[in-house]
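Mind the numbering: the sequence shown is residues 103 to 770 in this note's numbering, read in order.
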Amino acid sequence: MKFISHNAETISHKRKHARRACEQCRRGKRRCTHTLSLDPHAIEVAETASRPRSAIRGQQENLEYDSEQGHGLAIYSGTPENAKSIPRSRHSIGELLEAAQYSNQEGHHDSSLRASRTFIGHLNPETVFRSATSPGTTTRGQSSQNSVGTWLVDSLGSTGRESENLTTMPNSIFYNPSPATQKMLTSLFETEFLAVLPPTPYLSQLLSFYVEEIHPILPLIDIKSFQGDIDRNSKVLLSQAMCLLASMNPQCKSLLYLPDENEPLAPRIFGRRIFCAMRCAIDFGAVTNRMVLIQALGSLSLFTEGPEGPEIASQLCAKMIQLVQTLGLHIQRGSTYEEEYEVTCFCCAWALDRLNAAIHGRSVLMHERDIGIDVDKCFESQKPAFRLFLSIISQLDQVIDLYRPHAMSKGDAIELNHPQFDDMVVSAQCTNLNARLLSTIEVFYYAVAILSCRSTHKPSNNHVRQIYAASKINSILEQDIQNHNSLLIFLPFIPYAVSLSLSISYNQMRHTKVAMYRSRAREELQSTCDLLERLGTHFYVASAMASMGKATVAELDRVSENVLREKNSDDPSHDSQRRMGTHPRNDQLVAASVPEGPDNLETTNYDLPSTVNEFSISDIDVFDMFDPNFGLENVDAVFQNNLDLSMPMYLPFYAPRSQYGQMDENFS
103 MKFISHNAET
113 ISHKRKHARR
123 ACEQCRRGKR
133 RCTHTLSLDP
143 HAIEVAETAS
153 RPRSAIRGQQ
163 ENLEYDSEQG
173 HGLAIYSGTP
183 ENAKSIPRSR
193 HSIGELLEAA
203 QYSNQEGHHD
213 SSLRASRTFI
223 GHLNPETVFR
233 SATSPGTTTR
243 GQSSQNSVGT
253 WLVDSLGSTG
263 RESENLTTMP
273 NSIFYNPSPA
283 TQKMLTSLFE
293 TEFLAVLPPT
303 PYLSQLLSFY
313 VEEIHPILPL
323 IDIKSFQGDI
333 DRNSKVLLSQ
343 AMCLLASMNP
353 QCKSLLYLPD
363 ENEPLAPRIF
373 GRRIFCAMRC
383 AIDFGAVTNR
393 MVLIQALGSL
403 SLFTEGPEGP
413 EIASQLCAKM
423 IQLVQTLGLH
433 IQRGSTYEEE
443 YEVTCFCCAW
453 ALDRLNAAIH
463 GRSVLMHERD
473 IGIDVDKCFE
483 SQKPAFRLFL
493 SIISQLDQVI
503 DLYRPHAMSK
513 GDAIELNHPQ
523 FDDMVVSAQC
533 TNLNARLLST
543 IEVFYYAVAI
553 LSCRSTHKPS
563 NNHVRQIYAA
573 SKINSILEQD
583 IQNHNSLLIF
593 LPFIPYAVSL
603 SLSISYNQMR
613 HTKVAMYRSR
623 AREELQSTCD
633 LLERLGTHFY
643 VASAMASMGK
653 ATVAELDRVS
663 ENVLREKNSD
673 DPSHDSQRRM
683 GTHPRNDQLV
693 AASVPEGPDN
703 LETTNYDLPS
713 TVNEFSISDI
723 DVFDMFDPNF
733 GLENVDAVFQ
743 NNLDLSMPMY
753 LPFYAPRSQY
763 GQMDENFS
């Protein structure tokens with residue numbers, strides 16, 4: 103009698119044997135049909151493991167020879183599970199996704215896993231033990247003097263697929279679950295992640311919009327890798343990332359369909375669905391390619407929705423930077439691992455870090471002293487539009503220094519020399535750039551210009567640059583509306599620039615003592631609120647800032663009307679006008695001051711008597727007469743902190759309620 107072990111490594115190479123019967127069939131003494139026979143590839147690997155070394159060496163030579171002849175045979179290493187075939191399943195999610203089937207992965211056995219590398223600095227004691235015990239699994243930097251750590255290259259045997267079900271990374275909270283949990287997660291993963299994509303015709307248009315419009319400015323997605331041989335989960339995740347960025351633009355408003363919807367979704371609702379699906383996939387750990395995760399996290403950090411949106415976006419940006427540092431993209435490495443997109447990926451992460459610091463009031467996480475590569479050379483190697491964008495990000499990096507904790511010790515006002523936009527365009531060799539791309543980057547340039555002057559007190563003569571930049575931002579946005587949204591590409595720094603313009607108008611109206619300037623600032627504030635309200639259909643922060651600005655204008659008009667009524671109570675001519683209803687009510691006044699179409703954006707409300715006469719009262723500060731329940735100090739804090747990069751802004755804490763504008767919907 104001969105006992106056959108359940109382990110495939112002990113199977114005799116003379117004949118094939120079935121696997122051991124399951125427990126239920128063993129108790130019933132029945133033939134078991136619940137288990138599959140071993141795959142021939144697994145038996146071949148088991149036979150190889152049981153043969154002498156000489157036989158193995160000879161077989162490897164034959165396999166290598168066959169591979170050279172073009173037969174495409176692969177030499178598997180590791181456990182039998184790594185050589186096991188994986189069931190294939192097709193999902194109708196668009197032509198661009200059909201190329202990422204499992205059949206394309208088996209030949210190279212998940213190239214993303216093979217290229218996965220972990221970086222450990224020389225200060226980590228693990229480096230010494232790794233180098234001493236496994237010298238073949240590490241690769242050093244460019245030289246022993248310039249190297250700052252060790253690269254750990256995982257073998258296929260330790261990182262390959264171990265299950266035909268949902269594969270999760272060790273850092274996932276669902277790593278190595280029970281069979282029941284695994285079955286539930288697999289079903290949930292299919293419905294909540296893989297299915298959250300627009301149908302094929304809409305998907306292809308969204309992807310095309312990203313590639314043609316957004317990618318030249320911010321090439322977050324590696325298009326070559328996406329069109330290549332990455333795994334199916336990674337391709338779905340990157341498709342969702344491109345759809346998320348494209349949904350921020352009005353041109354794609356009619357394309358925002360999902361499989362379970364018969365009508366296009368609102369842009370913010372569509373973005374929220376895609377955002378949740380991407381976070382679900384990342385938290386599950388279903389995507390193991392760190393380069394893909396960097397691209398996905400970078401896209402997620404650009405989406406902000408709801409009161410907690412800025413905090414979540416900052417966390418995702420920090421996680422992206424952590425992966426960049428894990429892969430060592432920020433240090434000089436040997437020529438073996440130099441790839442074009444890795445440099446572009448580092449530049450994108452560096453830019454998003456500065457954007458996150460400015461928009462969300464966070465600290466910079468990637469410091470120059472920790473970067474081991476020549477940043478200027480990395481910028482010069484990029485394409486023109488992205489190179490110009492990076493040059494403005496570099497200017498923003500210098501502006502951030504003005505807002506560091508000890509920067510104000512030099513004086514109350516700090517101003518940074520700001521180059522002309524024309525000079526930056528010529529320097530980046532972008533004179534022939536598409537007008538749409540150039541206008542979008544120009545808006546961001548003026549946003550940085552507003553931030554380039556910091557003061558702890560009320561506006562001074564140094565803020566002429568801010569006033570000019572704010573007017574230019576409004577002018578470009580108004581031209582875009584008049585041209586039916588054909589002038590700009592919407593990215594998060596567009597509403598941020600308009601919100602900075604809103605803060606400048608508010609500060610001018612709040613602090614100036616000249617009646618004419620206060621009147622102009624009030625009109626600028628109203629028109630900027632209208633611009634933000636239009637952007638609010640795609641960006642939550644724009645909607646929140648617009649609601650706050652409109653509520654402030656409404657309260658200002660209410661107080662002004664009361665002041666005028668009291669001032670003119672002794673004037674008979676004004677008494678007759680009040681009885682005739684010459685002065686409109688507050689709700690009519692606010693409605694009349696809101697333009698209904700693009701053609702009315704440049705009109706001013708000089709026919710509103712309460713507005714003009716209020717600013718002629720030079721001896722009265724109407725802001726002191728605001729209703730105490732309005733929360734003027736909170737509004738002041740919002741607009742002031744918006745201009746201070748060292749202060750995070752949390753809009754829900756400063757949201758006026760009740761009759762001061764309909765803000766409950768936007769701030770809830």
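A virtual CB, placed ideally from N, CA and C, is assigned to each residue, including glycine.
query: By Cβ distance below 7 Å, which residues in the same chain neighbour M344 in space, the five residues on each side in sequence not counted?; result: L308, L309, Y312 and I323
query: Verify whether the separation of the beta carbon atoms of Y642 and E407 is less than 7 Å.; result: yes
query: Do the region 574-581 and the region 537-556 touch if we need at least three Cβ pairs shorter than 8 Å?; result: yes
query: Between the alpha carbons of R122 and C134, how many angstroms are there, rounded?; result: 8 Å
query: So, L357 versus F372, is the Cβ gap smaller than 7 Å?; result: no
query: Check whether the region 624-640 and the region 441-448 touch, using three or more Cβ-Cβ pairs below 8 Å as the test.; result: no
query: List the endpoints of the continuous alpha helix (DSSP H) containing P412.; result: G411 to L429
query: By DSSP, does C124 sit in helix, in strand, or in coil?; result: coil
query: Report yes if the CB atom of P418 is closer than 7 Å to the CB atom of L395, and no otherwise.; result: In the sequence as presented, Pro is not what sits at residue 418; that position holds Leu. Contact flag unset, no.
query: To the nearest angstrom, how far is the alpha carbon of L604 from that of A549?; result: 11 Å
query: What does the alpha-carbon distance come out to for the pair H211 and G330?; result: At H211 the pLDDT is 40, less than 50, meaning the model places this residue with poor confidence; the figure from the coordinates comes in the next sentence. If I take the Cα positions, the gap works out to 14 Å.
query: By Cβ distance below 8 Å, which residues in the same chain neighbour S601 in space, the five residues on each side in sequence not counted?; result: L634, V643, A644, M647 and N744
query: What is the DSSP secondary structure of I222, reduced to helix, strand or coil?; result: strand
query: At 4 residues or longer, what runs of the alpha helix (DSSP H) sit wholly inside the region 292-353?; result: 302-311, 325-328 and 334-348
query: By alpha-carbon positions, which one of S588, S289 and Q397 ends up nearest to H317?; result: Q397
query: Let me know the secondary structure DSSP gives C532 once reduced to three states.; result: coil
query: Quick check on the burial criterion: 16 or more other C-beta atoms within 10 angstroms. Buried or exposed for N164?; result: Residue confidence is low: N164 scores 42 on pLDDT, short of 50, so the model does not pin down where it sits. No coordinate-derived value is stated.
query: Three or more C-beta pairs closer than 8 Å, one from the region 379-392 and one from the region 360-368: is that the case here?; result: no
query: What is the DSSP secondary structure of C480, reduced to helix, strand or coil?; result: helix
query: Can you list, in chain order, the residues of its chain whose CB lies under 6 Å from that of F377, leaving out five sequence neighbours each side?; result: F405
query: What did DSSP end up calling R622 once you bin it into helix, strand or coil?; result: helix
query: Could you tell me if A653 is buried or exposed, where buried requires 16 or more neighbouring beta carbons within 10 angstroms of its beta carbon?; result: buried
query: State the start and end residues of the unbroken alpha helix (DSSP H) segment that holds V501.; result: P486 to I502
query: CB-CB under 6 Å to R464, same chain, minus the five flanking residues each way: which ones, in chain order?; result: S416 and N458
query: Counting along the chain, where does the alpha helix (DSSP H) carrying C450 start and finish?; result: E442 to H462
query: Take E294 and list the residues in its own chain whose beta-carbon comes closer than 7 Å to its own, dropping the five residues that flank it on each side.; result: A379 and C382
query: Please return the same chain residues whose Cβ sits closer than 8 Å to the Cβ of Q568, not counting the five positions on each side in sequence.; result: A551, I552, C555, P561 and I606
query: Using CA coordinates, which residue listed in G411, Q353, W452 and S621 is at the minimum distance from L320?; result: W452
query: When DSSP labels each residue in this structure, what does N585 get in the three-state scheme?; result: coil
query: Contact check, V655 vs V724 under 8 Å by CB: the rounded distance?; result: About 12 Å; that fails the 8 Å criterion.
query: Would you grab the beta carbon distance between S401 and L347 for me? Rounded to a whole angstrom, and I think it's under 8 Å.; result: 6 Å
query: Please classify K485 as buried or exposed, where buried requires at least 16 other C-beta atoms within 10 Å of its C-beta.; result: exposed
query: Looking only at C-alpha atoms, which of N534, H586 and S349 sits nearest to R374?; result: S349
query: With a CB to CB cut of under 8 Å and the five nearest residues on each side skipped, what residues in its chain are close to L535?; result: P486, A487, L490 and V527
query: Suppose you measure from the CA of D472 to the CA of G430; what does that come to, to the nearest Å?; result: 11 Å
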